[in-house]
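In the numbering used here, the protein residues as written are 10 to 345.
Ideal Cβ placement from N, Cα and C applies to all residues, glycine included.
The structure presented is a predicted model; accordingly, all values stated were derived computationally and were not measured.
First the structure, in the form of structure tokens, and then the observations on it.
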Amino acid sequence: MLESRETREGLDTPSGCAIPQKSIAIPSRPQATQAALLSSLSGRPFEDMKFFAFSRRSRSKTVDSPRPILVNSMLLRSTSTHFEYGCMGGFSESDIANLDAPYPSDRSDKSLDYGYESDSDLEDEGEQVQALSQESTLGIQSIHCGESVHASLASTAESPAVHTGKEHSPCRYGRVIYVDNVAHATLKSFVFYAYTGGITFARLKSQGSQVSGHTEPTSVPICSPKSMYRLADLYDIPMLKNLAKNDIKMKLSPNNILDELFSTFTSLYPEIEAFEREYLIRNIDHPVIQQKLPDWIEALAEGRLPQGAAKTVSKLILRESRSPASRPVSAFGLFD
């Protein structure tokens, strides 16, 4: 499980590894790409690691339907020191296993503690989703191969492809990591970012006409900027976090600022709450905001808003009352 940056600061990385005392140089993307390609030319498999991440929110509000993502660990290293080889065995939920094997039958296929149930990168149960391609059927049938994994596989990036010496198909062994608090769509977009430096964000739900993150295998993956901001915070990737933050900023409008400011996501991140609060203050006289604000204040009074909403309203009042050109608090529609 990945821990939030705030809870682990000075303690552990999200993978459960101790934070290095020395600064570790992160290879550039060109360096990582070259290393991965040269390694594959030497006979090592390009994909040496697999993530399983949940993809669906059920009607009972649990998160389930784990799906695989095969990745190259060298290219992931170009994004964060958390993916250094020395930490690969430190993920709290990981193991060296056959990369072509299906999701283990002895593991729970749902998460009761996802941590972000409103994640728009999760499918809702009953959604019409196109037939899944190879990525979702990967490993549906058991692969016959050697039953044991040699200890030398502890660092898969430094080991050649493993063959069992039997008459069965050779197995691809690598590290399999079970991620229980990041959506499959978010993780897939992150891997694409690690490979290419490119990222495509979907519309915010509050903008309407939500674009699905589930596309054809050859299409560029898309994800929610809020979900990617959360991932970048978990893995401490400032550049990616900034890209997601700026996309959220760009998509704010008088029509959705109240939905965003009083969302569960915003209540978790002070940086997001601060710039959304400032946006509301700058646009408080907009007719759409004036029309909608009383309904949100009523929702606050009835306890229907996320924890932290009352504090946000308090900051709005204090900010306005301290302004040189202070107006009556009723200008916010709070007491009209």
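Count the other CB atoms, across all protein chains shown, that sit within 10 Å of the CB of residue i; report buried if there are 16 or more and exposed otherwise.
i	result
residue 109	buried
residue 132	buried
residue 327	exposed
residue 190	buried
residue 251	exposed
residue 291	exposed
residue 318	buried
residue 51	exposed
residue 65	buried
residue 233	buried
residue 247	exposed
residue 205	exposed
residue 72	buried
residue 192	buried
residue 237	buried
residue 92	buried
residue 323	exposed
residue 194	buried
residue 128	buried
residue 311	exposed
residue 23	Unreliable positioning characterises residue 23 in this predicted model, as indicated by a pLDDT of 41, which lies under 50. The coordinate reading is nonetheless provided below. The residue is buried, with at least 16 neighbouring Cβ atoms inside 10 Å.
residue 218	exposed
residue 235	buried
residue 197	buried
residue 55	exposed
residue 307	exposed
residue 76	buried
residue 269	buried
Quickly, what does DSSP pair residue i with across the bridge? List them, please.
i	result
residue 320	Partner(s): none; residue 320 has no beta bridge.
residue 107	182
residue 187	61
residue 134	BP columns for residue 134 are empty, so no partner.
residue 306	Looking at the DSSP assignment, residue 306 forms no beta bridge with any residue, so it has no partner.
residue 385	Residue 385 is absent from the model: the chain starts at 10 and stops at 345.
residue 72	66 and 120
residue 210	232
Assuming residue i contacts residue j (C-beta within less than 8 Å), just tell me the rounded distance between them.
i	j	result
residue 271	residue 305	6 Å
residue 213	residue 265	7 Å
residue 209	residue 229	5 Å
residue 87	residue 57	Contact flag wrong, Cβ pair sits at about 15 Å.
residue 61	residue 112	6 Å
residue 53	residue 134	Not confirmed; about 40 Å, so no contact.
residue 262	residue 315	That belief does not hold up - the Cβ atoms of residue 262 and residue 315 are roughly 21 Å apart, past 8 Å.
residue 103	residue 184	6 Å
residue 302	residue 267	7 Å
residue 203	residue 231	Incorrect: roughly 16 Å between the Cβ atoms, too far for contact.
residue 89	residue 245	6 Å
residue 199	residue 207	Wrong, their Cβ atoms sit about 11 Å apart, outside the cutoff.
Examine the Cβ distances between the stretch 279-287 and the stretch 118-127 and report whether three or more of them are shorter than 8 Å. no
The stretch 294-305 touching the stretch 250-257, judged by at least three CB pairs closer than 8 Å: no
Report the residue ranges of all alpha helix (DSSP H) runs contained in full by the stretch 219-301; include only those spanning at least 4 residues, in chain order. 234-244, 247-259, 266-270, 273-277 and 279-291
Is the stretch 233-245 in contact with the stretch 105-119, if contact means three or more CB pairs nearer than 8 Å? no
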